[in-house]
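So the structure is just underneath, and the comments pick up after that.
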Amino acid sequence: MSRNIEPARRTEKMTYAVRDVIAWAKEAAAAGKEILYLNIGDPNLFDFVTPAHIVEATVEAMRANKNGYAPSSGVQAARDAIERDNARKGITNIVHTFVTTGSSEAIDLAVAALVNPGDNILVPSPGYPLYPAVLARFDAEARPYALDEGSGWQPDLGSIRSGIDERTKALVVINPNNPTGSVTGPKVLRQLIEVALEHNLVLFSDEIYDRLVFEPDSFTATASLSEEAKIITLHGLSKVFIAPGFRLGWASISGPAGELDDYCEAIQKLERARLSANHPEQYAVAPALEGPMDYLDGVLAKLRRRRDLVVEKLNAAPGISCVEPQGAFYAFPRIDLGVSDAEFCEKVVRETGVVIVPGSGFGKLAGEGHFRLVFLPPEDVLARALDRIVDVARKIV
Ligand SMILES: Cc1ncc(COP(=O)(O)O)c(C=O)c1O
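Here this note's numbering is used: the first residue of the sequence shown is 19, the next is one more, and so on.
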């Protein structure tokens with residue numbers, strides 16, 4: 019008698035395109051191809067290194083035996099540093115800050131404390147697939163709104179407004195954006211705030227790439243633009259501070275205290291239930307936010323050169339066009355080759371070993387007909403990968 023363990027149906031809705039392409043890559047590797055990974059946004063896989071002072075602060079904390087559980091909301095020194103950093107960005111009305119196992123866990127807790135089954139949250143399409151995955155876990159709906167390629171992948175206000183109904187609880191903005199590299203300025207952010215205020219939505223502002231912008235001073239913290247809006251500002255050590263393996267993130271909730279009390283208490287219940295985030299790494303937060311940042315000049319110089327290479331090579335290719343990314347380390351080129359994005363990516367991965375991700379994995383609404391690539395690899399590797407992608411496009415045309 020078969021006694022199969024039947025998994026929960028909610029997992030059927032979960033796909034994670036970034037990792038799904040690995041199966042094609044494995045086949046290409048087995049066929050002897052050199053694999054070039056342009057699929058995962060992990061800077062440490064390439065020539066980016068965690069700044070020494072961030073590593074040392076963590077090691078020192080471990081040596082000082084800060085290896086027990088931390089307070090559930092995070093160690094005070096980290097929370098204070100986060101709030102000071104937010105104050106420097108103009109966020110003045112924070113009601114709760116909590117430290118988490120990656121910003122992923124902050125997203126998880128903030129969503130878990132907010133939605134009931136059947137509720138929905140508006141998420142950008144294309145956008146980071148963690149949001150739909152988390153919502154699926156709570157039997158809630160990730161309702162896509164379009165980013166408009168024609169305006170450099172800015173949020174489409176009409177699409178947002180038409181997606182809102184009485185079960186909508188929140189609106190997500192990712193700025194700078196994964197997967198498009200777009201940066202959203204104060205004018206559009208103010209429009210998002212207006213919509214959130216009008217419909218009493220929580221505005222999730224995912225700012226994990228905030229200092230990775232190519233135009234100096236082009237980043238604006240959403241919560242710096244409104245005292246009244248209920249905003250969760252998400253951040254962490256993974257990208258700007260080049261330590262994704264630390265699994266250390268955080269969130270600050272800002273807005274009118276009274277109206278957020280119940281929600282913050284619900285989040286704190288969930289924080290307590292999971293005990294704490296990683297402890298020793300929390301001692302790296304203040305040194306990261308308030309220590310030397312000059313390493314970022316080198317990081318940004320490399321990323322800018324790599325971004326330019328991607329845009330130049332892809333825009334010269336037949337049937338491919340690429341909006342210039344303004345931040346983060348992703349590009350989201352369009353393909354007009356008479357094949358689907360999945361077909362194109364499968365062909366590229368299988369035939370050339372260059373691992374890129376189909377755009378529809380980041381939301382069907384605006385992601386179809388595109389692919390995402392990560393421009394973290396050094397120029398020589400990136401140039402080789404781009405040449406192979408362009409070759410495949412040439413053969414299709
Ligand atoms: C937009 C965005 N938000 C959140 C995360 C998750 O980051 P963390 O490592 O802090 O969990 C990522 C990771 O790629 C991301 O791109």
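Glycine residues also receive a C-beta, built at the ideal position from the N, C-alpha and C atoms.
- Under the DSSP assignment, residue 370 falls in the alpha helix (DSSP H) whose first and last residues are 359-370.
- The Cβ atoms of residue 346 and residue 196 sit closer than 8 Å to each other.
- The distance from the Cβ of residue 185 to that of residue 138 is about 5 Å, consistent with a contact at the 8 Å cut-off.
- Taken from the Cβ of residue 196, at least one heavy atom of ligand 1 lies inside 7 Å.
- Residue environment: residue 174 is assigned as buried (16 or more neighbouring CB atoms within 10 Å of its CB, all protein chains considered).
- For residue 159, the beta-bridge partners assigned by DSSP are 138.
- In the pairwise beta carbon analysis, the segment 112-119 is classified as touching the segment 80-95: at least three pairs are separated by under 8 Å.
- A residue is called buried once 16 or more other Cβ atoms fall within 10 Å of its Cβ, and residue 279, having fewer, is exposed.
- By the Cβ test, the segment 234-251 is in contact with the segment 266-280, since at least three Cβ pairs between them sit closer than 8 Å.
- Under the three-state reduction of DSSP, residue 61 is assigned to helix.
- Taking the Cα of residue 155 as reference, the smallest distance to any Cα among 131, 220, 377, 232 is reached at 131.
- In this structure, DSSP gives residue 344 a state outside helix and strand, which the three-state scheme calls coil.
- Residue pairing by DSSP leaves residue 90 without any beta bridge partner.
- Checking the DSSP bridge columns, you'll see residue 268 partnered with 117, 253.
- Around the beta carbon of residue 134, fewer than 16 other beta carbons lie within 10 angstroms, which makes this residue exposed.
- For the pair residue 370 and residue 122, the Cα-to-Cα distance works out to about 32 Å.
- For residue 165, same chain residues with a beta-carbon under 8 Å away, outside a window of 5 residues either side, are 142, 143, 144, 145, 171, 172, 173, 174, 195, 198, 200, 384 in chain order.
- Under the DSSP assignment, residue 190 falls in the beta strand (DSSP E) whose first and last residues are 186-192.
- By alpha-carbon distance to residue 190, the top candidate from 335, 293, 159 is 159.
- Assignment of beta-bridge partners to residue 112 by DSSP yields 272.
- Remark: C-beta atoms of residue 72 and residue 261 approach each other more closely than 8 Å.
- Counted as a single uninterrupted DSSP element, the beta strand (DSSP E) harbouring residue 223 occupies residues 220-224.
- By the neighbour-count criterion, in which a residue is buried when 16 or more other Cβ atoms sit within 10 angstroms of its Cβ, residue 178 is buried.
- Within 7 Å of the C-beta of residue 146 there is at least one heavy atom belonging to ligand 1.
- Residue 166 carries a strand assignment under DSSP once its states are collapsed to helix, strand and coil.
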